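Protein chains in written order, with the numbering used here: chain U, 11 to 339; chain B, 11 to 339; chain F, 11 to 339; chain E, 11 to 339; chain W, 11 to 339; chain G, 11 to 339. Each residue gets a CB set at the ideal place from its N, CA and C atoms; glycine is no exception. Here the structure is a predicted model, which is why all the values come from computation and not from measurement.
6 protein chains.
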Amino acid sequence: MTIYDDEIFKMACDQFQVIADYLNIDPNDREWATYPKRAVAVTLPVHMDDGSTKAFQGYRVQHHIALGPTKGGTRFALSLSMGETAALAMWMSWKCALANLPYGGAKGGVAVDPTRLSHTELEAVSRRYMQEMIPFVGPHTDIMGPDMGTNEQIMAWFMDTYSVYMGYAVNEIVTGKPVAIGGTEGRREATGRGVVYLVERAMNMLKIDPEKCTAIVQGFGNVGSVTALSFAYKSGVKVVGIGDHTATIYNPKGIDVKAAEQHVLKKGNLRAFAQGDHVNPNEFLTLPCDVLVPAAVDRVIHGRNAGQLKCRILAESKACKASFGPNRK
Amino acid sequence: MTIYDDEIFKMACDQFQVIADYLNIDPNDREWATYPKRAVAVTLPVHMDDGSTKAFQGYRVQHHIALGPTKGGTRFALSLSMGETAALAMWMSWKCALANLPYGGAKGGVAVDPTRLSHTELEAVSRRYMQEMIPFVGPHTDIMGPDMGTNEQIMAWFMDTYSVYMGYAVNEIVTGKPVAIGGTEGRREATGRGVVYLVERAMNMLKIDPEKCTAIVQGFGNVGSVTALSFAYKSGVKVVGIGDHTATIYNPKGIDVKAAEQHVLKKGNLRAFAQGDHVNPNEFLTLPCDVLVPAAVDRVIHGRNAGQLKCRILAESKACKASFGPNRK
Amino acid sequence: MTIYDDEIFKMACDQFQVIADYLNIDPNDREWATYPKRAVAVTLPVHMDDGSTKAFQGYRVQHHIALGPTKGGTRFALSLSMGETAALAMWMSWKCALANLPYGGAKGGVAVDPTRLSHTELEAVSRRYMQEMIPFVGPHTDIMGPDMGTNEQIMAWFMDTYSVYMGYAVNEIVTGKPVAIGGTEGRREATGRGVVYLVERAMNMLKIDPEKCTAIVQGFGNVGSVTALSFAYKSGVKVVGIGDHTATIYNPKGIDVKAAEQHVLKKGNLRAFAQGDHVNPNEFLTLPCDVLVPAAVDRVIHGRNAGQLKCRILAESKACKASFGPNRK
Amino acid sequence: MTIYDDEIFKMACDQFQVIADYLNIDPNDREWATYPKRAVAVTLPVHMDDGSTKAFQGYRVQHHIALGPTKGGTRFALSLSMGETAALAMWMSWKCALANLPYGGAKGGVAVDPTRLSHTELEAVSRRYMQEMIPFVGPHTDIMGPDMGTNEQIMAWFMDTYSVYMGYAVNEIVTGKPVAIGGTEGRREATGRGVVYLVERAMNMLKIDPEKCTAIVQGFGNVGSVTALSFAYKSGVKVVGIGDHTATIYNPKGIDVKAAEQHVLKKGNLRAFAQGDHVNPNEFLTLPCDVLVPAAVDRVIHGRNAGQLKCRILAESKACKASFGPNRK
Amino acid sequence: MTIYDDEIFKMACDQFQVIADYLNIDPNDREWATYPKRAVAVTLPVHMDDGSTKAFQGYRVQHHIALGPTKGGTRFALSLSMGETAALAMWMSWKCALANLPYGGAKGGVAVDPTRLSHTELEAVSRRYMQEMIPFVGPHTDIMGPDMGTNEQIMAWFMDTYSVYMGYAVNEIVTGKPVAIGGTEGRREATGRGVVYLVERAMNMLKIDPEKCTAIVQGFGNVGSVTALSFAYKSGVKVVGIGDHTATIYNPKGIDVKAAEQHVLKKGNLRAFAQGDHVNPNEFLTLPCDVLVPAAVDRVIHGRNAGQLKCRILAESKACKASFGPNRK
Amino acid sequence: MTIYDDEIFKMACDQFQVIADYLNIDPNDREWATYPKRAVAVTLPVHMDDGSTKAFQGYRVQHHIALGPTKGGTRFALSLSMGETAALAMWMSWKCALANLPYGGAKGGVAVDPTRLSHTELEAVSRRYMQEMIPFVGPHTDIMGPDMGTNEQIMAWFMDTYSVYMGYAVNEIVTGKPVAIGGTEGRREATGRGVVYLVERAMNMLKIDPEKCTAIVQGFGNVGSVTALSFAYKSGVKVVGIGDHTATIYNPKGIDVKAAEQHVLKKGNLRAFAQGDHVNPNEFLTLPCDVLVPAAVDRVIHGRNAGQLKCRILAESKACKASFGPNRK
């Protein structure tokens with residue numbers, strides 16, 4: 011029994027076995043190639059606004075360091091386990107390798123629900139987490155980034171905590187930081203744009219005319235909203251379905267995506283957005299469309315609905331739910 | 011759910027709550043005081059003698075660093091878990107605090123059965139474990155020592171691996187190393203002598219004459235054999251029972267402990283030692299004696315036999331089974 | 011014009027010239043021997059309890075490092091200037107040299123009135139000061155200690171801030187810390203006992219019988235109270251005068267010093283202490299006595315009162331007003 | 011009272027208040043934003059050629075480190091004070107911010123008249139200054155450059171002293187070093203060219219034809235001479251006035267600037283340069299011209315002469331008097 | 011007598027004197043400019059496959075560090091001496107200087123015949139050599155590369171050994187490593203291509219038509235084979251002679267160089283290559299040709315054969331015999 | 011051929027073989043046990059008083075680091091070679107091992123005749139040597155001390171050069187430094203006293219009465235003079251012969267050793283010392299005496315005179331000629 015034993019890590023290992031068989035990887039090289047090089051757990055005592063002290067568990071997993079530093083996001087989620095963190099780190103290794111980047115994969119996070127923390131508490135958790143990580147990370151060893159439950163502000167706190175320690179500004183320690191302190195322009199839109207770029211390539215290969223296509227996009231965060239906007243105003247694809255965790259809207263005549271974006275900026279979600287029919291979320295993915303983009307949570311397509319999909323192009327995207335509620339400043 | 015969740019860690023936390031109630035420790039200070047400051051897990055790929063590669067899991071837990079470096083042993087045991095390691099580290103903190111030593115507690119180890127490794131494999135596991143630990147330990151941060159399944163030789167490998175990295179001999183990095191490279195003389199006998207020292211103090215308080223006493227000592231390793239020898243040849247106590255995992259021997263006329271020691275040095279255990287009756291191990295602890303010393307494994311006295319003990323002084327000792335079999339050189 | 015140009019630094023330089031003439035020190039070696047090796051000023055932005063942000067100036071001067079690390083106290087005083095800090099550092103060098111200790115002198119502090127800070131603000135100022143000092147101090151370079159306006163608690167904050175940075179407990183970074191985290195026992199009483207030890211040696215040289223002597227002690231802090239108590243209960247000297255900044259009391263029949271100590275522990279000062287006459291503070295030092303100990307502030311004996319002193323032994327002591335009021339926890 | 015209290019620092023703070031009001035900066039953020047993060051003063055004992063030892067005062071101020079390393083020149087001037095150094099550092103911060111460079115501002119120097127030092131003494135002062143600065147500077151923390159009274163040679167000494175310490179050549183530690191050891195080509199001409207570039211843009215906006223313009227350039231060092239040459243031979247502007255501290259020359263028919271340059275290379279200054287009338291320096295700036303470039307010392311335009319200027323374009327340039335006399339090798 | 015005193019170092023010093031006279035270098039600057047800044051010798055105990063332990067001598071010489079890190083290859087050759095290593099390091103300095111690269115020269119190696127080591131022994135020697143070099147090398151101090159007797163695999167071992175020490179992948183520590191871990195594409199062919207590039211420039215200057223030329227290339231390793239192939243298939247030069255240490259072949263009608271390359275890939279050398287006459291190696295260089303490229307070992311042209319050369323262009327190339335036999339994996 | 015190949019290193023290796031045979035050391039462990047772990051050679055360019063620049067060769071050999079730091083003296087001698095340095099380092103290892111000290115042996119030095127250097131030149135050579143050694147030495151790696159041709163002053167320069175680099179006083183870096191900066195009292199006399207202590211033990215074993223003995227002491231430096239004085243005024247042995255490189259004096263009635271000491275302090279040597287006969291130095295060692303102490307140079311007793319010695323006790327001492335002439339300040 012190891013500290014990684016849970017369902018999600020097992021799933022990642024099973025995926026590895028399939029590919030390893032396909033690539034004829036020596037069985038002797040499989041065990042150490044799945045288990046991470048190194049995992050760290052830290053206890054984070056934090057003074058809460060109500061005067062109590064809570065102790066959160068923070069994690070960081072570095073999958074391998076053969077090619078250069080490790081690199082990977084930081085997830086703040088109540089259910090976060092070491093096994094999930096290890097699986098995410100391994101997947102990060104694979105992504106870097108496929109893109110031929112000289113990095114190993116890493117991942118980390120805190121088992122905390124960030125939506126239940128005040129702004130002050132969130133800063134305290136974030137800074138203490140980075141402080142405990144100082145011996146394990148660095149521009150040459152392990153670089154952090156945002157992931158579910160973390161955002162630009164948290165990256166700025168990470169960078170500041172690390173920089174105070176080093177005695178000078180070290181903006182190489184995190185990706186996903188605000189542009190003002192060295193962040194990359196266009197980062198927020200990058201995933202959505204990538205989805206559209208690949209869908210366009212698929213259309214080209216399949217000889218499909220974008221102007222005659224319809225699309226359904228599930229999710230309306232950083233990824234889904236940019237995808238839908240790019241479909242509508244750049245590719246010329248008619249967006250017939252959009253949705254978030256509050257509403258799933260279908261309109262075969264096409265949805266005014268800019269209006270939806272404005273609505274969400276004002277109201278926070280799509281619940282009251284009136285352009286189209288609010289349909290049953292369980293049936294949303296199987297409605298007629300040429301392109302289907304699930305950009306909300308993972309594992310929404312499975313044995314029970316796969317056969318019913320109507321789309322010609324299925325473009326799964328990585329949903330990185332970077333935003334959260336009350337403590338957003 | 012944390013990486014520490016198992017029975018032995020829960021037991022340690024429960025012990026803490028009892029004392030914390032007694033000492034009126036603020037409930038806000040209890041959670042972070044039980045969970046360790048920091049825990050590290052590493053994967054150790056090792057080339058085995060048969061040409062295969064195995065990946066072992068290694069652990070290190072540092073409980074708190076408020077007073078100085080942490081300090082604690084290294085356990086090689088197949089069943090070793092992170093929870094057990096964390097419990098052992100916390101107990102180490104308590105021991106240091108009670109002895110007023112400026113250390114926090116630590117503990118580490120590898121989930122491996124050292125008796126199934128060849129000498130070469132054992133060296134490989136030991137050196138790789140220390141190599142992965144280099145970023146986390148040091149004379150000012152965390153000092154290792156032997157524990158169950160490790161011995162002087164392994165401490166020497168640890169020291170050498172660390173010293174090669176530093177570029178000079180660092181003998182402060184481990185305790186329990188051979189005297190020739192800076193180890194402490196008398197360390198092997200220290201626990202047994204401590205047991206006898208405390209038994210003598212108890213006898214003095216109880217106005218018991220050692221020369222009229224009898225003793226049973228369970229276990230004949232570093233602790234039990236030294237205890238029995240000291241009883242017999244220093245305190246003048248008559249040793250009427252000795253035992254190891256192969257034999258439990260009782261002789262109300264007294265046992266020639268030096269002969270037993272010679273026997274074990276030659277044969278490896280007490281199985282064929284003929285001075286006295288070989289009795290049922292389950293009844294051994296409840297045989298008549300003035301002093302009873304359980305020095306083999308933990309949790310041998312429990313609700314089912316506590317009422318049947320005949321001894322006047324019960325001296326529980328910490329058994330540190332430092333020796334093991336085939337790979338001993 | 012340098013950053014040290016003020017009256018107190020000039021006084022120290024003048025003292026140096028007198029001795030340098032006496033010792034025939036080469037004129038070429040005098041300038042660099044008075045100016046400090048190195049001085050650092052830092053700005054300390056602190057969030058105050060009322061929501062405002064104030065920026066305090068912090069200083070540290072290291073006089074010379076020829077023999078080993080520098081060493082010296084930390085003063086929190088509104089009037090603190092760089093010149094005063096430099097003078098105090100130079101005096102510290104001389105003290106170390108006279109005691110043949112392998113240290114150079116240092117001194118530091120913050121231009122702040124600690125009595126006007128809340129406990130929270132005081133911690134914030136103290137921790138920020140140490141944080142800014144991290145590049146300049148260390149067990150091998152410069153060791154801090156308490157001085158006027160700082161105390162054990164502040165030293166503990168200094169040590170913790172430095173230790174968090176280093177990643178392990180570094181209690182060598184400050185002297186004067188609480189005994190529980192490595193402080194020296196007897197430190198509080200050391201100066202007062204030293205005064206009495208030297209007065210007794212002087213009495214011995216002058217063939218004076220302590221039991222027939224009277225003493226006046228100005229100041230009733232760490233130094234004055236211990237001095238008065240030691241006179242009364244160890245040397246047998248009759249204490250006829252004590253005083254603090256609230257009251258100066260004279261009683262030719264002798265004062266019950268233990269009663270005075272109890273009074274101060276309860277009330278905070280001597281204002282209402284009734285054993286003896288409350289006399290004019292300006293005349294206090296010139297009242298009849300055999301031994302006079304000024305242990306309050308410096309420069310109380312000068313051209314205008316020197317000729318009127320009645321004492322046979324004048325024992326100037328260094329008054330280190332380590333305690334202060336409302337923020338004391 | 012702080013170590014920065016002098017007129018020039020006060021002027022910089024006043025400038026800041028004007029802008030801060032304009033930008034609505036929170037009053038709480040103003041105090042710490044003007045006072046420097048950190049200032050260091052060091053004493054530099056130097057053996058002089060006449061056998062004596064002098065102790066010079068060296069300074070370095072780092073204004074803020076929020077965005078990256080600090081950066082700024084080194085001034086050797088007898089009158090240099092800590093306040094002036096702090097003002098220059100703050101101005102450097104503003105310049106970097108306006109140019110959107112990821113640097114904070116710094117400035118340093120030695121209170122010494124470099125023209126009165128021999129070449130040997132100048133090297134000794136320079137090397138000792140850098141040696142004392144080693145703990146405070148570095149490619150990631152603070153980068154030095156030349157300023158008034160320092161030049162390429164001094165930067166080379168700084169680089170060598172720092173590199174010997176590090177054990178390898180660190181040419182990132184200084185800007186303004188000789189091209190042969192990694193300096194930037196074109197650096198000497200950069201300021202003058204920048205002046206001309208901006209004047210040309212102004213002419214373009216004002217619809218002025220350069221070929222019909224006249225210019226007066228005050229100063230004939232790195233900045234002034236390059237400015238005048240560029241006007242004459244690149245922009246086609248007729249240069250009617252040039253001057254240095256020895257002569258101010260006016261010729262409404264135009265001056266042969268290349269001849270002036272050759273003259274200065276041979277004679278060291280313009281004193282005997284015969285092309286034009288040698289006019290009263292006090293009236294020089296108010297002579298008729300289209301473009302006026304003060305490139306000598308600061309604060310030459312003030313309430314008493316501002317109303318009399320005849321120019322249409324006033325291009326103030328930063329004069330960096332990098333050259334000096336007898337010790338120039 | 012120094013540790014460098016042998017013939018090859020003396021030759022390099024003599025070369026330096028010739029040039030130094032030509033450049034009028036101050037005699038005072040000549041001695042230190044020839045002797046290396048620093049030389050290190052280490053003893054490398056290695057367990058051999060037959061159970062014995064051998065102790066090899068390893069060297070590293072760093073010629074000067076004035077401009078940046080040193081840089082240079084690693085030679086494994088039984089006859090390697092410190093003097094030869096120093097000469098090679100000095101030549102490396104000259105090469106870097108001529109190419110205007112900010113490096114000093116270095117060279118190192120082990121006195122071992124790599125063709126007599128098994129793959130395991132070669133790895134052991136290589137890793138131990140790098141381990142002993144760790145205090146002396148680094149991306150900022152000294153960078154290694156391959157040379158005679160070493161290859162890509164050895165560079166990979168060097169990089170791995172260094173990276174394990176640093177805790178992260180440091181591919182800047184060696185040049186000449188495999189492309190997969192950061193090596194430069196085209197490195198193997200670079201020298202041969204450079205030879206041809208220069209020969210083509212010479213032909214152009216001499217108005218020679220390549221298509222009407224013949225060439226003889228001595229050596230058929232990395233340099234010779236690439237040179238011959240480029241002549242034949244890129245420049246259009248007819249290759250009439252090729253050779254290695256097993257055969258020298260001449261064919262005035264031209265040799266099929268691709269066939270020769272295939273032959274060597276299969277057989278390991280040219281011994282049995284049948285296209286042309288196998289001629290006396292001593293006469294090979296003096297056979298008729300327009301271009302002669304000695305690309306095997308050094309010092310093949312000397313007083314006894316210089317007068318007999320028939321070529322119009324003599325293109326000496328650096329032969330880097332990077333390949334070797336039985337332990338090649 | 012290695013850099014150590016000379017007669018003295020060969021002699022040390024031969025000595026090792028004799029003992030290794032005696033101790034049955036595995037032949038596989040002999041080669042690496044004689045060759046040093048590491049040797050460094052550096053070139054020291056020094057500006058001489060006459061304006062020229064000379065380049066001296068400096069060496070340092072570290073024999074083994076298995077037990078702790080290495081330790082050993084620094085020799086300034088024109089004939090110094092790397093082989094001699096390596097032999098001395100190995101002997102130092104043996105000495106430490108015999109005394110059970112946790113050190114390996116080291117030795118270093120410069121190939122220079124210190125008696126031909128001015129005080130300024132000697133300081134320059136010494137400081138440059140230490141500066142080049144900084145990467146290789148340290149309190150945990152290698153500690154220097156004096157040896158032939160070096161003295162307290164040179165150790166002080168070493169310590170200062172190293173301390174400036176570290177930024178604080180590091181007196182652990184050298185032994186044999188002046189007492190004022192942390193040197194050990196009694197060090198100068200230690201060798202001579204050790205000789206006498208051992209001679210007294212030998213006398214005791216041989217039942218010889220010191221008061222009836224005569225002694226001849228060759229050499230009158232730190233070792234010889236202290237030996238002779240201790241014989242005469244502590245043991246009661248009659249000293250009948252003393253000598254230095256200027257005179258060898260024999261007086262069967264006994265020599266007034268204190269007078270000789272005074273004579274040398276005044277005149278610098280024994281040349282004109284008149285108490286006794288000035289005898290032929292070649293015959294000096296074979297004159298009649300009970301105890302013979304050769305304390306000048308090594309290898310004075312050999313096959314040609316061994317048979318002629320008259321002494322009963324032959325006490326060879328290590329002569330450390332620490333003093334030298336004109337540059338002594």
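Tell me whether residue i is buried or exposed, calling it buried when 16 or more other Cβ atoms sit within 10 Å of its Cβ.
i         : result
B:Ser-62  : exposed
B:Gly-114 : buried
E:Val-28  : exposed
F:Gly-91  : Looking at the sequence shown, residue 91 of chain F is not Gly but Ser. So F:Ser-91 ends up on the buried side.
Can you find the residues in the same chain that come closer than 6 Å, C-beta to C-beta, to residue i, ignoring five residues on each side of it along the sequence?
i         : result
U:Glu-94  : Ile-18
E:Gly-118 : Tyr-69, Arg-70, Thr-84
F:Val-233 : Thr-201, Gly-202, Ala-305, Ser-327, Ala-329
Leaving out the 5 sequence neighbours to the left and right, which residues in its chain are closer than 7 Å to residue i when beta-carbon positions are compared?
i         : result
F:Tyr-172 : Met-140, Ile-144, Val-180, Ile-183
G:Arg-203 : Val-236, Ser-240
B:Thr-53  : Ala-65, Gln-67
Spatial neighbours of residue i within its chain, please: C-beta separation below 8 Å, excluding the five flanking residues on both sides.
i         : result
U:Ile-311 : Leu-295, Pro-304, Leu-319, Leu-324, Glu-326
Taking the straight line between their C-alpha atoms, what separation do you get for residue i and residue j?
i         : j         : result
B:Gly-251 : B:Lys-217 : 23 Å
U:Lys-248 : U:Val-227 : 11 Å
Beta carbon of residue i, beta carbon of residue j: below 9 Å?
i         : j         : result
U:Leu-302 : U:Val-289 : no
message: Could you check whether the stretch 115-134 of chain F touches the stretch 154-173 of chain F, counting it as contact only if at least three pairs of C-beta atoms, one from each stretch, sit closer than 8 Å?
response: yes
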